[in-house]
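Numbering (numbering that gives the first Met the number 0), first residue to last: 0 to 130.
Even glycine gets a Cβ: it sits at the ideal position worked out from N, Cα and C.
Keep in mind the model is a prediction, meaning the values are calculated, not measured.
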Amino acid sequence: MVVISPGVQVIANYDEPIFYNDNYYWRNQGGVWYRSTSHTRGWVRYSAPRAIVSIERPSAYIRYRGSAQVNTRSDNRQDAKERREDAKEDRKDAKEDRKERAEDRREDRKDAAEDRRDDKKKHDKKHDKHD
């Protein structure tokens, strides 16, 4: 295995590009990513993580013999930048979720108040008939 980027390895000098990341082997076939716990079988179509999707040309790693170059300053800066962007996106999504939940609660309260008014009108109307 040869490290090609932080957290991603490729099987060296192999007839097809098989990558390894977070306890799974990954292969790209026709632009679709597949994963398996074995590099020879059990491939299942799966949404690949960012580290795998970011491999620009998977076919460039057929019979790859490159040297392991990991944790260069530019890699570390790029990883840190991606982590910051991911965190920012996560915060944005969480804020939007909170806004939607608050709006749902407002709508629920409004509906409940409307139901109470309708019930009161029905109750008053029923008692008016008996008087």
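Look up residue i in the DSSP assignment and give the residues it is bridged to.
i   : result
S37 : Bridge partners of S37: none, in fact.
Going straight from the alpha carbon of residue i to that of residue j, what length do you get?
i    : j    : result
Y23  : E102 : 41 Å
Y13  : R100 : 51 Å
E84  : R40  : 35 Å
D118 : E106 : 18 Å
Report buried or exposed for residue i, applying the criterion of at least 16 other Cβ atoms within 10 angstroms of its Cβ.
i   : result
I17 : buried
A47 : buried
S37 : exposed
I10 : buried
CB-CB under 8 Å to residue i, same chain, minus the five flanking residues each way: which ones, in chain order?
i  : result
Q8 : M0, V1, V2, F18, Y19, N20
**Study point:** Minimum length 4: unbroken alpha helix (DSSP H) runs contained in the segment 10-63
**Key:** Taking 4 residues as the shortest admissible run, the segment 10-63 contains the following complete alpha helix (DSSP H) segments, listed from N- to C-terminal end: 49-52.
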